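S.K.: Residue numbers (the numbering used here): 630 to 995.
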Amino acid sequence: MKFELSKKDKDSFLALNDVLDHNVDCTVLINNYMEYGYTQITADDVERLMLTGLSSKDAFSTLLQEFLELDSEKKADQFLIEKNHILDFRPYDRNDLINNPYTLKLNEIKEKATNGIKIAFNYFEPYEGFLLDYGHAEKEDGYIERDRYSYFEEKTPYLVLLQKNTVWMSITPFEIETMKEPLEQARGKVLTFGLGLGYFAYMAARKKEVTEVKVIEANRSVIDLYHSDIEPHLEEDVRKKIKIECKNAYAYLEKSKDYDMLFVDIYHNEIDGLKTYAILEKRAKKIKLPFKINYWIENAILTSLRRYVIDTLYCHMEGIEMEKDEYAIAVEEALEDMEFVSFSQIENLITDKGLKEFAARLNLNA
Numbered sequence: 630m631k632f633e634l635s636k637k638d639k640d641s642f643l644a645l646n647d648v649l650d651h652n653v654d655c656t657v658l659i660n661n662y663m664e665y666g667y668t669q670i671t672a673d674d675v676e677r678l679m680l681t682g683l684s685s686k687d688a689f690s691t692l693l694q695e696f697l698e699l700d701s702e703k704k705a706d707q708f709l710i711e712k713n714h715i716l717d718f719r720p721y722d723r724n725d726l727i728n729n730p731y732t733l734k735l736n737e738i739k740e741k742a743t744n745g746i747k748i749a750f751n752y753f754e755p756y757e758g759f760l761l762d763y764g765h766a767e768k769e770d771g772y773i774e775r776d777r778y779s780y781f782e783e784k785t786p787y788l789v790l791l792q793k794n795t796v797w798m799s800i801t802p803f804e805i806e807t808m809k810e811p812l813e814q815a816r817g818k819v820l821t822f823g824l825g826l827g828y829f830a831y832m833a834a835r836k837k838e839v840t841e842v843k844v845i846e847a848n849r850s851v852i853d854l855y856h857s858d859i860e861p862h863l864e865e866d867v868r869k870k871i872k873i874e875c876k877n878a879y880a881y882l883e884k885s886k887d888y889d890m891l892f893v894d895i896y897h898n899e900i901d902g903l904k905t906y907a908i909l910e911k912r913a914k915k916i917k918l919p920f921k922i923n924y925w926i927e928n929a930i931l932t933s934l935r936r937y938v939i940d941t942l943y944c945h946m947e948g949i950e951m952e953k954d955e956y957a958i959a960v961e962e963a964l965e966d967m968e969f970v971s972f973s974q975i976e977n978l979i980t981d982k983g984l985k986e987f988a989a990r991l992n993l994n995a
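Below, the structure written as structure tokens:
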């Protein structure tokens with residue numbers, strides 16, 4: 630890799646890397662809260678502060694700041710608070726979840742286990758913070774990452790699919806919010822990779838503009854559970870639009886040319902999704918798909934890839950030997966024959982468009 634920047638461009642890149650460090654710090658702190666501290670902020674705590682005149686939002690933010698041990702006088706913490714909006718948790722209207730068309734259809738569903746997979750109900754406790762949606766990191770804003778967070782003010786149920794007593798899939802505000810955009814784009818014959826609990830398939834099939842929803846799902850047990858416990862609750866005209874095949878999604882990609890849209894949701898998070906993204910983008914380029922593939926949480930996948938690229942370039946510039954996982958290795962290999970003699974070249978690479986093209990260069994195996 631040729632990496633020769635002027636002092637001015639090097640300073641610009643170092644400033645970008647500083648933002649990356651803040652973004653990572655924000656993620657680490659929020660993940661720590663989500664994993665270990667989500668029960669620490671209780672309704673009693675929030676209501677006690679609300680008696681002083683604070684709104685539930687301000688009371689929650691105050692308690693979260695205490696839990697995260699953020700000092701608003703420290704420069705690094707100021708960045709997290711003022712730029713990353715780490716404390717910006719907002720109340721979510723529980724009616725948007727419990728009155729969602731899909732949720733309404735399944736509120737009488739019975740808990741049941743099939744071949745080690747169980748469908749059940751879980752609950753959000755009052756003021757249990759959760760990720761609502763991933764934000765879009767923009768070039769004009771220096772790629773500061775601002776995700777959206779929320780909480781319920783009342784105990785609220787949601788549907789889950791458990792595998793070996795571990796939540797595998799669920800219908801929460803996160804699923805609802807992150808699928809809004811691809812659902813808005815659904816038209817004609819829709820192909821989707823991944824069935825899950827059937828939320829996307831059902832919501833797409835409800836649209837008059839959609840004539841068919843073809844689902845490719847590799848797990849037979851998930852399909853069986855859908856047919857036995859979910860499908861009977863759906864209205865017949867919508868149900869008839871949905872066709873499911875038990876096949877490997879990667880092997881089915883070429884047949885997607887026969888459809889008007891492809892939505893992919895066969896991964897659990899943005900890191901897992903990066904592998905799927907790279908594989909499908911590479912194959913889509915070869916078969917010349919006539920449309921852009923829609924990926925669940927695509928913006929988060931690209932944000933993750935952007936982090937890998939910036940970190941790899943920084944380590945190369947500073948001569949640092951970093952510990953590499955399979956993604957870092959793939960990024961490093963894909964960058965080997967590239968040239969960076971100006972900061973603008975780096976900027977072009979880390980745009981969403983640049984990263985999408987770069988992803989097709991990654992050698993990652995399914």
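Note that the Cβ used here is the ideal one computed from N, Cα and C, for glycine as well. None of these values were measured; they are calculated from a predicted model.
Count the other CB atoms within 10 Å of the CB of Gly758; is the residue buried (16 or more) or exposed (fewer)?
M.R.: Label assigned to Gly758: buried.
S.K.: Enumerate in chain order the residues of its own chain whose CB-to-CB distance from Thr941 is below 7 Å, with the five nearest sequence positions on each side excluded.
M.R.: Ala957, Val960, Glu961 and Leu964
S.K.: Tell me the DSSP secondary structure of Arg868 in three-state form.
M.R.: helix
S.K.: Determine the burial state of Arg677: buried for a count of at least 16 other Cβ atoms within 10 Å of its Cβ, exposed for fewer.
M.R.: exposed
S.K.: Mapping DSSP to helix, strand and coil, what is Leu790?
M.R.: Look at Leu790 here: in three-state DSSP terms it is strand.
S.K.: What beta strand (DSSP E) runs, 3 residues minimum, are completely inside the region 774 to 839?
M.R.: 777 to 780, 785 to 792, 795 to 800 and 817 to 822
S.K.: Can you tell which of Ile930, Asn660, Ile979 and Asn898 has the C-alpha that lies nearest to the C-alpha of Ile618?
M.R.: Because the chain here runs from 630 to 995, residue 618 falls outside it and cannot be looked at.
S.K.: When the Cα atoms are used, what is the spatial distance from Asn854 to Lys876?
M.R.: It should be pointed out that residue 854 corresponds to Leu in this sequence rather than to Asn. The alpha-carbon atoms of Leu854 and Lys876 are separated by roughly 16 Å.
S.K.: Can we say the region 910 to 930 touches the region 864 to 883, given the rule of at least three CB pairs closer than 8 Å?
M.R.: yes
S.K.: Over the uninterrupted beta strand (DSSP E) stretch that includes Asn751, give me the two end residues.
M.R.: Taken as a continuous stretch (DSSP letters only), the beta strand (DSSP E) holding Asn751 covers Ile746 to Phe753.
S.K.: Which partner residues of Ile845 appear in the DSSP bridge assignment?
M.R.: Phe822 and Glu874
S.K.: Just tell me which of Thr932, Val657 and Asn923 has its CA closest to the CA of Asp981.
M.R.: Thr932
S.K.: What residues match up with Met890 in a beta bridge as DSSP calls it?
M.R.: Val819
S.K.: Would you tell me roughly how many angstroms separate the C-alpha atoms of Asn923 and Asp889, rounded to the nearest one?
M.R.: 11 Å
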